[in-house]
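Residue numbers (this note's numbering), protein chains in the order written: chain Y, 1 to 166; chain S, 1 to 134.
Idealized CB from N, CA, C, for every residue including glycine.
Below you'll find the structure, written out as structure tokens, and then a few comments.
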Amino acid sequence: MKKFLATTALVIMGTTAAYANNTNIQGNVQSRCSIVTETSGVYGNPTADKLTTVASDAGVLPIIRVDVIQADSYKVKISWPDSFSSSPTLTDSVVWTGEVEVSAVSDANMSSYETNKVEYENDTEFDLTLSGSTWFKVTSTALYGSTKSFPGGVYTAVVTSECIPK
Amino acid sequence: MKQILLCIVLGFVFVSCSVIYAAGHELTPTYPEIKESHIANVYVVKLETLNRREDVRFFEIQVLDKDMNPITFATTDRIISLPHLSRKNISVYIRKKDVKQVVYVCTVSKLNRLQNVESNANTVISSKVCSKIK
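Have a look at this one:
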């Protein structure tokens, strides 16, 4: 009987000790900006002298998501490409055009981002006055000089996105 | 004598683990402080960077003034190797004479040209995240 009681007591103590062994999970939420590549774009080739990310021309628009934890701390600058980072040898000039637009927002009040954007050269700046996520789509078009055909090969261009604290 | 049966109700907790495709890059804190280092006339800024971009492994550190012009600095590696989903603490050392000019410390993704050509990605996205000195 004594052995039984002793064993029972040990089991209870062991169980209690197991319950007392808590593991804490700690986290730290701090102001930050995160640039997320949602979709890498693809150039469509609707005519021999044109490459474009426009969907109606068989392209795919690059989509960038910017997450901001703290409101009114960051501005984001997104630049559409004005040169190829890799391509076959080109003997004529390429005319570049582009546009950066807000495609979706996590907060309806962010709709002002599109109207308040500042555009210069190939850069577009957005003032991120609210916390949350904003999706940006980038249109890029390259026209080869004098309506020449682009030589066959793979063409790559870089969209740059910068998150800068205010 | 009636036996009282104790019913133990087991609670099943369903944790929905949503797999979110995320490919971002971060730099914290947003507003770091420049502090004196253990070397005379040299100051240090400490930051942490996180890579959630699967397509990028290397990041370049930049120290810039208010007009985004580069400023001389020292660190163990100017280009850091940061595998997917890993974090790294960075210490950036700045000379005393340059401290007042420093406004931004940034990390810029370095894109792998060959990898992008192989994957036939016609546009690739370069990301640059900055912190602003207090």
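Asked: Given 8 Å, three or more beta-carbon pairs between the segment 114 to 122 of chain Y and the segment 44 to 63 of chain Y; Found: no
Asked: Under 7 Å by beta carbon: chain S residues contacting Ile25 of chain Y; Found: By Cβ distance, chain S contributes nothing, its closest Cβ being about 14 Å from Ile25 of chain Y, past 7 Å.
Asked: Contact with chain C by Gly41 of chain Y, beta-carbon distance below 8 Å; Found: Of the protein chains in this structure, namely Y and S, none is chain C.
Asked: Per-residue contacts from Pro165 of chain Y into chain S (C-beta, under 9 Å); Found: Thr30, Tyr31, Tyr104, Cys130, Ser131, Lys132
Asked: Residue burial classification, Ile25 of chain Y (beta-carbon count within 10 angstroms, cutoff 16); Found: exposed
Asked: Beta-bridge pairing of Asn89 of chain S - partner residues as DSSP gives them; Found: S:Glu48
Asked: Residue environment, Tyr155 of chain Y, which counts as buried when at least 16 other CB atoms sit within 10 Å; Found: buried
Asked: Option nearest Tyr93 of chain S by Cα separation, candidates S:Ile79, S:Val45, S:His25; Found: S:Val45
Asked: Limits of the alpha helix (DSSP H) - the one that Ser112 of chain Y falls within; Found: 112 to 115
Asked: Buried or exposed by the 16-neighbour rule on C-beta atoms within 10 Å, applied to Tyr21 of chain S; Found: With a pLDDT of only 44 at Tyr21 of chain S, under 50, the local geometry of the prediction cannot be trusted, and the value read off the model is given with reservation. With fewer than 16 other Cβ atoms within 10 Å, it is exposed.
Asked: Beta-carbon gap between Pro70 of chain S and Leu47 of chain S smaller than 8 Å; Found: no
Asked: Neighbour-count burial assignment, Lys132 of chain S, 16 or more Cβ in a 10 Å radius; Found: buried
Asked: Residue nearest to Tyr104 of chain S in terms of C-alpha spacing, selected from Y:Thr37, Y:Lys166, Y:Thr89, Y:Gly98; Found: Y:Lys166
Asked: Sequence-distant residues of its chain with Cβ nearer than 7 Å to Asp183 of chain Y (five each side left out); Found: A question about residue 183 of chain Y goes unanswered here, because the residues of chain Y that appear run from 1 up to 166.
Asked: For Lys132 of chain S, the three-state DSSP class (helix, strand or coil); Found: strand
Asked: Beta-carbon gap between Thr141 of chain Y and Thr52 of chain Y smaller than 8 Å; Found: yes
Asked: For Thr72 of chain S, three-class secondary structure by DSSP; Found: coil
Asked: Near-chain Y residues of the segment 48 to 59 of chain S - C-beta to any C-beta below 8 Å; Found: Arg52, Arg53, Asp55
Asked: Collapsed DSSP secondary structure at Lys100 of chain S in the structure displayed; Found: helix
Asked: Per DSSP, cross-strand counterpart(s) of His25 of chain S; Found: Y:Ile35, S:Asn51
Asked: Own chain partners of Val159 of chain Y with C-beta closer than 8 Å, once the 5 adjacent residues on each side are dropped; Found: Gly41, Pro62, Ile64, Ile78, Ser79, Trp80, Pro81, Val138, Ser140
Asked: CB contact below 8 Å: Ala157 of chain Y versus chain S; Found: yes
Asked: Ser86 of chain S versus Asp98 of chain S - alpha carbon distance; Found: 31 Å
Asked: C-alpha distance - Ala108 of chain Y paired with Glu162 of chain Y, whole-angstrom precision; Found: 23 Å
Asked: C-beta neighbour in chain S for Ser31 of chain Y, strict 8 Å; Found: yes
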